[in-house]
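Enquirer: Supplied in C-alpha cells, the structure appears directly below.
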Amino acid sequence: MDPIHQFEIKNFFPIVRIGGAEIAFTNSALFMLIGLSLILFLMLGATRSRALVPGRLQSVAEMSYEFVANTLRSTAGTEGMKFFPLVFSLFMFILVLNVIGIIPYTFTVTSHIIITVALALLVFFTVVIYGFWKHGLHFFKLWVPSGVPIYIMPLVTFIEVLSFLSRPVSHSVRLFANMLAGHITLKVFGGFVTMLGALGFLGWLGAIIPLGLTVALTALELLVAFLQAYVFAILTCIYLSEAIHAGH
Amino acid sequence: MDPQAAKMIGAGIACIGMGGAGVGVGTIFGHYLAAALRNPSAAQGQFGNLIFGFAVTEALGIFSLLIALLLLFAL
C-alpha cells in the first residue's frame, strides 16, 4: 500500500552497458513505445482513407490537428507554423502518455522528472538557438523591455533574465508535479477503500465514500491530463513566439 | 532536533506557499468567468491568455512544492 510504489522503474532486459551505467529496456520505455504506436495508429491509420466526410477516428485526428494549429496560430502567428511539428508532437506525446497513465496498473511516463526535464530543455534550447540564429545579438532585447526608466532598468533586466532561466524549471516541474500528486492522491484514496473494506460489513458501508471519491478524482485526473498537455503546448507556443518576434 | 524531523517540518512549511498560488489561480479564473459572463463573445479569444496567466501563477506555487519535494527526497 505504498503510494510511491507505482512510480518504480523496472528493468525488463539490458541493452548495452557503458562504463558503470546500464542502459536497459524499462517499463518507462515500454509505455513510451505504446504511446508512440497509439499516436502513429491514430494519425496514420485513421487518415489513410482520406474520406471527404471523416469517420470517427479520422475526425479525432483532424480535430487534434486543428486544435494545435489554432493554438499555435493565435499565439505565435502564421510565422510560428514552421514549429508546428514540434508543438504537435509534444502535445500528442504528453497527452497520450498522461491518459494512458490513468488506466490502473499502467505506468505514467510523465510522472518522472527526467522525462519532463528533457522535453522542457528541448523547448528551451530550441527557443535560445532559434532566437540567436534569427535575431543575432538583438535577441538580448527580450530581457530589456522598452519604455522602462533607466534607473530601474538593471533591476528589471535582472528579473527578466532570472525568469527566463527559471522557465525550464517551472515548465518541467509543473507537468511532473501534477502527474505525481494526482496519482499519489488516487492511490491514497484507493488505500482507504481497502483499509475500510478489511473491517467487515460496517467498513464496507464506510468504504463507499472513498470509492466514490476515487471515481470523481479519476475524472478530475482526466481533465488534468488534458489540461497539462495543453498548458505545456501553449507555453511552448508562447516561448517560441518570443523567439520569433524578439524585440517587438 | 532530529534532522529528519526538521526536514519534515520544513517540507510542511514550504507547502504553505502553495496557498498563495491557490489564491492567485482562483483570482484569475474568477475574473475570467466574470468577464466572460459580461461579454461571452470575447471570451473565446482570451482563453490562451487565461491559460498563460494560470501557468505563470501556478509556477510560483510549484516552486514551493519543489522545495518541499527536494527537502523530502533529495537533500
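Just so you know, the sequences run in chain order V and G.
Take 1 as the starting number for the first sequence in our numbering and just add one per residue.
Take 1001 as the starting number for the second sequence in our numbering and just add one per residue.
Yeah, the Cβ is synthetic: ideal placement off N, Cα and C, and Gly gets one too.
This structure is a prediction, so every number in the text was calculated from the model and none was measured.
#1: Are there 16 or more other CB atoms within 10 angstroms of the CB of Tyr239(V), so buried, or fewer, so exposed?
#2: Taking the alpha carbon of Gly1024(G) as the point to measure from, which residue in Met1001(G), Gly1053(G), Leu1033(G) has its own alpha carbon closest?
#3: Taking a Cβ distance cut-off of 7 Å, strictly less, list which residues of the stretch 165-193 of chain V are near chain G, in chain order.
#4: Give me the residue from Ile39(V), Gly80(V), Ile115(V), Phe83(V) with the minimum Cα distance to Glu62(V).
#5: Rounded to the nearest angstrom, what separates Phe164(V) and Ser241(V) at their Cα positions?
#6: Our contact map puts Gly197(V) next to Gly190(V) with C-beta atoms below 8 Å; I'd like the distance itself, whole angstroms only.
#7: If I measure Cβ to Cβ from Phe140(V) and keep anything under 6 Å in the same chain, skipping five residues before and after, which residues do I get?
#8: For a contact defined as C-beta to C-beta under 9 Å, what are the partners of Ile1009(G) on chain V?
#9: Please give me, in chain order, every unbroken run of the alpha helix (DSSP H) with length at least 4 that falls completely inside the stretch 111-137 of chain V.
#10: Sort out for me which residues DSSP pairs Ile18(V) with in a bridge.
#11: Show which residues of chain V have a CB atom less than 9 Å away from the CB atom of Gly1048(G).
#12: For the alpha helix (DSSP H) containing Ser1064(G), list its first residue and its last residue.
#13: Pop quiz: Ala227(V) and Pro168(V) are said to be a contact at Cβ under 8 Å. What is the actual Cβ separation, rounded to whole angstroms?
#14: For Tyr230(V), which residues in chain G fall below 9 Å Cβ to Cβ?
#15: Can Leu119(V) and Leu90(V) be called in contact, C-beta distance under 8 Å?
#16: So, at 7 Å on beta carbons, what are the nonlocal neighbours of Ala219(V) in its own chain, with the 5 sequence-adjacent residues on each side left out?
#17: Considering just the uninterrupted stretch of the alpha helix (DSSP H) at Tyr230(V), what are its terminal residues?
#18: By how many angstroms is the C-alpha of Ile114(V) removed from the C-alpha of Val99(V)?
#19: What does the alpha-carbon distance come out to for the pair Gly101(V) and Phe107(V)?
#20: Using DSSP's beta-bridge definition, name the partner residues of Thr26(V).
#21: Should Phe176(V) be labelled buried (16 or more other beta-carbon atoms within 10 Å of its own) or exposed?
#22: Quick check: what's the CA-CA separation for Gly1020(G) versus Thr1027(G)?
#23: Along the chain, where does the alpha helix (DSSP H) containing Gly197(V) start, and where does it finish?
#24: Do you know offhand how far Phe1063(G)'s Cα is from Val53(V)'s?
#25: Nearest to Ser252(V) by CA position, among Tyr230(V), Ala243(V), Thr236(V), is which residue?
#26: Anything in the stretch 1013-1038 of chain G with a Cβ closer than 7 Å to a Cβ of chain V? List those residues in chain order, please.
#27: With a threshold of 8 Å between beta carbons, is Ala1055(G) in contact with chain V?
#28: Leu52(V) by DSSP, collapsed to three states: which one?
Expert: Per the coordinate set shown:
#1: buried
#2: Gly1053(G)
#3: Ser170, Val173, Arg174, Ala177
#4: Ile39(V)
#5: 14 Å
#6: So it is not a contact: roughly 11 Å between Cβ atoms.
#7: none
#8: Neighbours of Ile1009(G) on chain V: none; closest Cβ ~20 Å, over 9 Å.
#9: 113-135
#10: Ala21(V)
#11: Thr71, Ser74, Thr75, Ile234, Cys237, Ile238
#12: 1047-1069
#13: Contrary to the premise, residue 227(V) reads as Leu rather than Ala in this sequence. Actually they do not touch by this definition, with Cβ atoms about 20 Å apart.
#14: Ile1051
#15: yes
#16: none
#17: 208-244
#18: 19 Å
#19: 5 Å
#20: Asn11(V)
#21: buried
#22: 11 Å
#23: 167-197
#24: 47 Å
#25: Residue 252(V) is absent from the model: chain V starts at 1 and stops at 248.
#26: none
#27: yes
#28: coil
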